[in-house]
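K.L.:
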Amino acid sequence: MKLLTHNMLTSKCLKGVNVGYPLGIVAKDIKVLETEFNSEFVLRIIPKLDWDTLWNAADSIGHSGDLPRTLCDDYENDVEFLKKAHHVLLEVEVINGELVCPESGRKFAINKGIPNMLLNEDEL
Amino acid sequence: MAENKYERKARRKQTKAKHILFQDTGISCSDEPTKYVMVANAGLVTGLQQEQLLELCLPYGGVDGIVMLPGKSYCFIIFKDILYASKAYAAIHGKIKLTPNDSGPLYLAYAEKVPELSHSWNYDQKPPGLILLEEFVTEDEEKSLLNCIDWKTSASHLGQTLKHRRVKHYGYEFQYDTNNVDKECPLSENIPSECNFLWDRLKDKNISVLSSFPTQLTVNHYQPGQGIPSHVDTHSAFKDPILSLSLGSSIVMEFRHQDGRVSPVILPQRSLLIMSEEARYAWSHGITPRKMDVIPTKNGDLTVQQRGDRTSFTFRFIRKGECNCVYHDLCDSYKKKYKKSEADTNCDAVAAKLESLHVHEVYEEIASHFSETRHKPWPNVLSFVQSLPFGSVLVDVGCGNCKYFGNKMGHFEIGCDHSVSLAKVCHDRGFEVFNCNCLSLPLKSGIADGCLSIAVIHHLATKERRLQAVEEMVRILQPGGKALIYVWAKDQQRHNTQSSYLKQDRKNRKKDCDGELKCVPQHADGSKSRNTILNKVSSQFPSLPVHTNRTQFQHQDLLVPWKRKPGQKIELDNKTEGALCLENSSQELPTFYRYYHVFEEGELELLCSCVKDSKVVQSYYDQGNWCIVLERV
Chain A
1 MKLLTHNMLT
11 SKCLKGVNVG
21 YPLGIVAKDI
31 KVLETEFNSE
41 FVLRIIPKLD
51 WDTLWNAADS
61 IGHSGDLPRT
71 LCDDYENDVE
81 FLKKAHHVLL
91 EVEVINGELV
101 CPESGRKFAI
111 NKGIPNMLLN
121 EDEL
Chain B
1001 MAENKYERKA
1011 RRKQTKAKHI
1021 LFQDTGISCS
1031 DEPTKYVMVA
1041 NAGLVTGLQQ
1051 EQLLELCLPY
1061 GGVDGIVMLP
1071 GKSYCFIIFK
1081 DILYASKAYA
1091 AIHGKIKLTP
1101 NDSGPLYLAY
1111 AEKVPELSHS
1121 WNYDQKPPGL
1131 ILLEEFVTED
1141 EEKSLLNCID
1151 WKTSASHLGQ
1161 TLKHRRVKHY
1171 GYEFQYDTNN
1181 VDKECPLSEN
1191 IPSECNFLWD
1201 RLKDKNISVL
1211 SSFPTQLTVN
1221 HYQPGQGIPS
1231 HVDTHSAFKD
1241 PILSLSLGSS
1251 IVMEFRHQDG
1261 RVSPVILPQR
1271 SLLIMSEEAR
1281 YAWSHGITPR
1291 KMDVIPTKNG
1301 DLTVQQRGDR
1311 TSFTFRFIRK
1321 GECNCVYHDL
1331 CDSYKKKYKK
1341 SEADTNCDAV
1351 AAKLESLHVH
1361 EVYEEIASHF
1371 SETRHKPWPN
1381 VLSFVQSLPF
1391 GSVLVDVGCG
1401 NCKYFGNKMG
1411 HFEIGCDHSV
1421 SLAKVCHDRG
1431 FEVFNCNCLS
1441 LPLKSGIADG
1451 CLSIAVIHHL
1461 ATKERRLQAV
1471 EEMVRILQPG
1481 GKALIYVWAK
1491 DQQRHNTQSS
1501 YLKQDRKNRK
1511 KDCDGELKCV
1521 PQHADGSKSR
1531 NTILNKVSSQ
1541 FPSLPVHTNR
1551 TQFQHQDLLV
1561 PWKRKPGQKI
1571 ELDNKTEGAL
1581 CLENSSQELP
1591 TFYRYYHVFE
1601 EGELELLCSC
1611 VKDSKVVQSY
1621 YDQGNWCIVL
1631 ERV
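Here the protein sequences come in this chain order: A and B.
Just so you know, we're using this note's numbering here: the first sequence kicks off at 1 and counts up by one.
Just so you know, we're using this note's numbering here: the second sequence kicks off at 1001 and counts up by one.
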C-alpha cells in the first residue's frame, strides 16, 4: 500500500463510524522502491490530496524525511519538493501491518502490500 | 281440554329446544315460570336483532337484558320480574310472529338461568381515551351547522351517496378505496367557518386535546337503517385525536377491540365525541345499520331508541409523515415499516449468501486460472481509460487481474476486488490494490476521476444491491468524473451477429452462416436440454438454473459453470487439491458455478437512472454486454 492510496482510504463503511478518516497505520514491513519521477504527474496529484494526512502518515511510519508539514504557495516550481512528494506518495510502500479505524479501533490487516478492507456481515 | 294441533306443535318445538339447550350448555328448563325466557327459534344464526326482540317484549314489562349466543339459533330474554316473563310467555309462545314475513310464531320456554357470555356488551366501560361531551352545541347551533352543509354543490364525486350513507369532504378528500387522503391534493373547499366556535368551546371546557385546528372534515348523513362498517381511521393518514359531532339524532356507536371486547357507546344528539390514544388507535368503531338502538335506561334495564336522520361532523388532523404509535396491531405505518424491513433483511441476507457461495468463493478458487484466461483488454474499455486526462485517479472496482492497468497514461491506478487471490495477482504485477466489497467502497467521496466496473455488478443478486454498487461508484467520483459499467447481456446476439462469447463455440460458428442461432429448447426433465440443466450443484440454491456455456441465456438469474479445459496445465488452488486427481478425465475436473444476473435491454439504463447526482452520457451494446458511461454531476 502506497501512501497515496492511504490518503484515500476510509473506514466509514463500518457500522456506526461517521468519518473513519484518516486511518492509522501500524507498519511492520516497509519497502522503498524507486519509481520514475514525473513532475507533471505529481503536480496533478497534489491538489487531490489531504496534505495533513499524508504528512502524518509518512511521519507515523518514519518516512516524512524533510517533507514540509504544510504546502508552500509556489510548490509548482519547486522540483526538489515535488521529488520529495513523489517519494512519499509513490515509493514508500507498507508491505505488512495494519490500518486502524480512528473511531472504532477496528484493525484492517495489510498482507504483502494489500490492505484487506473486507467487512464481516455484522459490521455493515 | 285436549291440545289442538298448534298447541301440540308448540309443545313439540319446546321439548326439542329444551333438549338442545341442555346438550349445549347443561342448563335445564323449568315448567314453572322464571324470569329467564328462552326463545327457541330466534337467535344470532337466524338474523335476529336484539332491538326487534326487545320491542316485542317491552309491552309486557321491564327487560334487564337479552343474551344472544354466537352460532346459536336461540336466545334469552331476562325480564325484571317473573310476572313480566309469564305475561310475555302467555302472549307470545306459539302465537306471535317476530316479523310478519316469518313462517311461524316464536316458541318460548322458561330456563333456570342464562349462559354466561365471555364478552358481553358493556355500556359502562368505555375504551380508554374516549371522551364524550354531551350537549356540546345548542339547538340553534345544531341548526346552523346542519344548514351550512350545501349538499347540492357536492353533486360531483365529493358529495357521494355511498352504499349506506351520504358523505361530503372538506379540506382533503377521504378516499374510500385506499382509506387515506391525498396529502398533496387539498380540496378547494375548506372546513366551513361556521365550525370555528367549536374550538373555543373546547378551550372553555378545559379540554386540551388540540394542539392545532383540524384540517379535514367529513360530513356523513345517515338515515334510519344506515350505518358504517367497523373501521379504525388509518393511522398514517390522521393524527390523534379524531372528533365527531352528532347532530340531528342520537345513535349507538360500537367500539371493538381485537381481544373481543365490544363497547357500545351512545352518542346523544348534539354531543361531541373525542377519540384519543387507545380509543383512536387500538379500537375500531362502526355503526350497525338498523332503525333503532338498544340502550340502557336509568334503571339499568334495556329499551329501544328509534333512530332519526343523523348528521355527523368528523374532524381530523392530517398527519405529515408516518405514525409511530404503540398500538401496532392496527397501525399501517408500523406494518409497512416492520414488514418491509423484515423482507428486505431476509432478501438481503439470502442475496449475500448467494454471492458469497457462488461468486466470492468461486473466484478465490479459480483465481489463477481466471487470470490466465483474462489478458486481452476489451478495446472499448481501453479507449475509455485512454480518454481520461493525464494525472487522473482511476479506480477499478472489481479489478480482477487489473488487465486495464499499466497503460502508461499518467494515471494513478487503484484496483479493488473481493478476491484475495486475484488481488495477489494484481500486486504481483505491480499494481496498487486492496480487498473490499463493491457495496461499500472504503474510499473517500469525490477522489476518483474515472471508475471502471467491468463485469462486476451482474454478480449481485438483487436490484437494490446492484443499485447500491453503482451509487458507491458515483460517490467516489468527483464532479465531471466518469464511470464505465459493463454487464453481461441476456441477449447474446444482436442484429444477427453473435457475441464473441457465443462464437467461441465452434458449433455456433457454423450456425452463424445460417444467420440465426438455434437454441435448443429446454426440456421439462432437463435431461436432453443443451441450454439448461437442473441445478444439482447448489444445495443451498436448488432453484437456480444452470447455464450451458456458449449458448443464449434462457434465464435472467442463473449459475454459469466455470470449467478447466482438459490437458491444460493446472496450478491447483489449495482448497481443491484434495478433490481433484490429475489423472482424471476431463469430465471429472471440478466445475465451479458462478451466479449471474444477466441484463435485459434497457435494464442497466433504468438502474443508473435511479442514481442521484449522475447522468448517463453513453449507452451501448458491446460483444454481449450492456455498457454505460455515467458522469457525476
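Even glycine gets a Cβ: it sits at the ideal position worked out from N, Cα and C.
(1) Considering only residues of the same chain and omitting the five flanking positions on each side of A27 (chain A), which have a CB-CB separation below 6 Å?
(2) Step through the CB atoms of chain B and report whether any lies within less than 8 Å of the CB of F41 (chain A).
(3) At a Cβ threshold of 8 Å, is Y75 (chain A) touching chain B?
(4) Please tell me whether F1405 (chain B) has its Cβ less than 8 Å away from any Cβ of chain A.
(5) According to DSSP, is P1241 (chain B) part of a helix, a strand, or is it coil?
(6) Going by beta-carbon coordinates alone, are A1010 (chain B) and A1109 (chain B) separated by less than 8 Å?
(7) From what residue to what residue does the alpha helix (DSSP H) around L1198 (chain B) run?
(8) At a Cβ cut of 9 Å, what residues of the stretch 1432-1444 of chain B count as close to chain A, listed as they run along the chain?
(9) Could you check what DSSP says for K1563 (chain B) in three-state terms: helix, strand or coil?
(10) For the stretch 1170-1235 of chain B, which segments carrying the beta strand (DSSP E) assignment without a break, of at least 3 residues, lie completely within its bounds, in sequence order?
(11) Quick one: does F1313 (chain B) have its CB under 8 Å from some CB of chain A?
(12) Does the stretch 63-76 of chain A touch the stretch 6-21 of chain A, meaning 3 or more C-beta pairs lie closer than 8 Å?
(13) Give me the Cα-Cα distance between C1416 (chain B) and Q1216 (chain B), rounded to the nearest whole angstrom.
(14) Beta carbon of V1035 (chain B), beta carbon of I1078 (chain B): below 8 Å?
(15) What would DSSP say about N117 (chain A), mapped onto helix, strand or coil?
(16) Got a sec? Which residues, its chain only, sit under 8 Å from V1420 (chain B) by beta carbon, not counting five neighbours each side?
(17) Whose Cβ in chain A lies nearer than 8 Å to the Cβ of H1427 (chain B)?
(18) Compare the C-alpha of N7 (chain A) against each of A:N111, A:V92, A:D122, A:G105 and name the closest.
(19) In chain order, which continuous runs of the beta strand (DSSP E) of length 3 or greater are located wholly inside the stretch 19-47 of chain A?
(20) Compute the Euclidean distance between the alpha carbons of I1092 (chain B) and C1325 (chain B), then round it to the nearest angstrom.
(21) DSSP state of I1038 (chain B), grouped into three classes?
(22) Identify the residues that DSSP records as bridge partners of Y1621 (chain B): which are they?
(23) Would you identify the three-state DSSP class for G16 (chain A), choosing helix, strand or coil?
(24) Checking the sheet assignment: what are the DSSP bridge partners for C1416 (chain B)?
(25) May I have the straight-line CA-CA distance separating C1323 (chain B) from G1446 (chain B), to the nearest angstrom?
(26) Do you know whose CA, among B:L1460, B:L1273, B:V1598, B:V1433, lies nearest L1133 (chain B)'s CA?
(27) So is L124 (chain A) in contact with chain B if we call contact Cβ pairs under 8 Å?
(28) Measure the alpha-carbon distance for V32 (chain A) versus K1424 (chain B) and round it to whole angstroms.
(29) Whose C-alpha, out of A:I46, A:C13, A:I114, A:Y21, is nearest the C-alpha of D961 (chain B)?
(30) Apply the 10 Å Cβ neighbour rule to R1256 (chain B) and answer buried if 16 or more other Cβ atoms are within range, or exposed otherwise.
P.N.:
Let's see:
(1) The beta carbon of A27 (chain A) lies closer than 6 Å to those of I61, V94, G97 in the same chain, with the five residues before and after it left out.
(2) True, the Cβ-Cβ gap to chain B drops below 8 Å.
(3) At a cut-off of 8 Å between C-beta atoms, Y75 (chain A) does not count as an interface residue with respect to chain B.
(4) Against chain A, the CB of F1405 (chain B) has no partner CB under 8 Å away; the residue lies outside that interface.
(5) Three-state DSSP puts P1241 (chain B) in coil, outside helix and strand.
(6) No. Outside cutoff.
(7) Residue range 1197-1204 is occupied by the alpha helix (DSSP H) that includes L1198 (chain B).
(8) Listed in sequence order: E1432, V1433, F1434, N1435, C1436, N1437, L1439, S1440, L1441, P1442, L1443, K1444.
(9) Under the three-state reduction of DSSP, K1563 (chain B) is assigned to strand.
(10) Whole beta strand (DSSP E) segments, 3+ residues: 1216-1222, 1228-1231.
(11) It does not; no Cβ of chain A falls within 8 Å.
(12) Here the stretch 6-21 of chain A does not lie against the stretch 63-76 of chain A, with fewer than 3 beta-carbon pairs under 8 Å apart.
(13) In this structure, the straight-line span from the alpha carbon of C1416 (chain B) to that of Q1216 (chain B) is close to 56 Å.
(14) The residue asked about is misnamed: residue 1035 (chain B) is Lys in this sequence, not Val. Contact annotation: K1035 (chain B) and I1078 (chain B) have beta-carbon atoms nearer than 8 Å.
(15) The question names Asn, but residue 117 (chain A) in the sequence shown is Met. Collapsing the DSSP output to three states places M117 (chain A) in coil.
(16) Result list for V1420 (chain B): E1364, N1435, in chain order.
(17) In chain order: K112, G113, I114.
(18) For the residues A:N111, A:V92, A:D122, A:G105, the minimum Cα distance to N7 (chain A) belongs to A:V92.
(19) Whole beta strand (DSSP E) segments, 3+ residues: 24-32.
(20) Approximately 52 Å, taken between the alpha carbons.
(21) Strictly speaking, residue 1038 (chain B) in this sequence is Met, with Ile absent from that position. M1038 (chain B): strand per DSSP, three-state reduction.
(22) Per DSSP, B:W1626.
(23) Correct three-state label for G16 (chain A): coil.
(24) Answer is B:V1397, B:F1434, bridged to C1416 (chain B).
(25) Near 37 Å, if we compare the C-alpha coordinates of G1446 (chain B) and C1323 (chain B).
(26) Comparing Cα-Cα distances from L1133 (chain B) to each of B:L1460, B:L1273, B:V1598, B:V1433, the minimum goes to B:L1273.
(27) L124 (chain A) counts as touching chain B.
(28) When only Cα atoms are considered, V32 (chain A) and K1424 (chain B) end up about 19 Å apart.
(29) Absent from the structure is residue 961 (chain B), since the part of chain B shown begins at 1001 and ends at 1633.
(30) With 16 or more other Cβ atoms within 10 Å, it is buried.
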